[in-house]
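This report concerns only the one structure given below.
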Amino acid sequence: MLKIYSIYKQLYTAYGSQGWWPLVGHAGTNPTKTGAVQGYHVGDYSFPRNRAEQFEICLGAILTQNTAWLAVEKSLLNLKNINALTPEAIMQLREDAFKTAIRPSGYHNQKARYIKNFIPFFQGLGDRVPTREELLNIVGIGPETADSMLLYAFGQPEFVVDAYTKRILVALGLIAENATYAGVKQLCEEALQKEITDPKKLVPIYQEFHALLVEHAKRYYAKKPYGQNDSLLRAG
DNA sequence: AACCAGGACGTGA
DNA sequence: TCACGTCATGGT
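Next comes the structure, spelled out in structure tokens:
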């Protein structure tokens, strides 16, 4: 058993399906979890079901950069309340009204710019799936945001690496502290691809794994020294 | 009351 | 390439 996959199985056994990516437009089940409040869809991998949900995921991916999801959820609800949860509506909004709506997420000047960089690209996609390179060429979309969009909005098998992922894998001695994004991503993808023979399961498992790592990290890796109290994974 | 949150960009060495 | 400062609000 490869280490990475055994981590996934332990986390899934402990926490179960996480129902990511949350959508404020979807009244999903709401398991007890740290932070967020609504929009989860536990065990249902049929998302996004339409273009509106696809866009909401992309929007959330930008808004959640270095930001707690609860704050992002407030921003999304603000936009929903002024009927501006669509690319067209956002582009037509007054600049200050848009920034006010997304203010809870922080960095509202930057993120307003990032989102308005992304929207014309999104509108030009039609039904096409963007390449990773295309996304990375947009100012405001880095590796994690690109992979989050590809995995959760476009259903592509791209593993998402974040600060939590690195903390956990460093604590378990599987990667170095200065490991690169690409290096961690490759390690996880190669390990999972060897274990998962059914290619259809790759995307759901990537989706669950990232969500599970976030959930686990919120419990044990939120404050220093990271992972010292990780009674689940450090126990083996 | 510090510390941190589901990062990315621009700059200078 | 890479370390470092900056961006901002809100929860704990």
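For the record, in the first sequence the residue sitting at position 112 is 104 according to the working numbering, with numbers rising by one throughout.
Quick reminder that beta carbons are idealized off the backbone N, C-alpha and C, glycines included.
Quick caveat, the model's predicted, so the values are computed rather than measured.
Alpha helix (DSSP H) segment containing residue i, residue limits
i      : result
Ile235 : Given that the chain is displayed from residue -7 to residue 228, the structure contains no residue 235 and the question cannot be resolved.
Pro14  : No alpha helix (DSSP H) contains Pro14, which DSSP labels as neither H nor E.
Phe201 : Leu194 to Tyr212
Ser38  : No alpha helix (DSSP H) contains Ser38, which DSSP labels as neither H nor E.
Gly175 : Tyr173 to Glu187
Ser140 : Pro135 to Ser140
Phe145 : In the sequence under discussion, the amino acid at residue 145 is Ala, which differs from the Phe named in the question. Segment: none, Ala145 is in no alpha helix (DSSP H) and carries neither H nor E.
Ala6   : Lys(-5) to Tyr7
Exposure of residue i, with buried meaning 16 or more beta-carbon neighbours within 10 Å
i      : result
Glu65  : buried
Leu117 : exposed
Lys177 : buried
Ala163 : buried
Gly175 : exposed
Lys158 : buried
Leu71  : buried
Thr189 : exposed
Leu62  : exposed
Gly165 : exposed
Pro40  : buried
Ile133 : buried
C-beta contact flag for residue i and residue j at 7 Å
i       : j      : result
Lys103  : Ile94  : yes
Ser97   : Ser67  : yes
Leu205  : Ile160 : yes
Ala6    : Leu224 : yes
Tyr106  : Trp13  : no
Val16   : Gly35  : no
Pro135  : Tyr198 : no
Tyr(-3) : Glu187 : yes
Pro79   : Ile49  : no
Leu85   : Ala76  : yes
Val152  : His208 : no
Ala53   : Thr137 : yes
Tyr213  : Asn221 : no
Tyr0    : Pro196 : no
For the stretch 44 to 128, list the alpha helix (DSSP H) runs that are entirely contained and at least 4 residues long, ordered along the chain.
-> Runs found: 61 to 73, 79 to 84, 87 to 94, 100 to 117 and 124 to 128.
Is the stretch 118 to 133 touching the stretch 76 to 95 in the sense that three or more CB pairs, one from each, lie closer than 8 Å?
-> Short answer: they don't touch.
Quick check: the stretch 175 to 194 against the stretch 118 to 126, are there 3 or more CB pairs under 8 Å?
-> Using a Cβ-Cβ distance cut-off of 8 Å, the stretch 175 to 194 and the stretch 118 to 126 are not in contact, since fewer than three pairs of beta carbons, one from each stretch, lie closer than that value.
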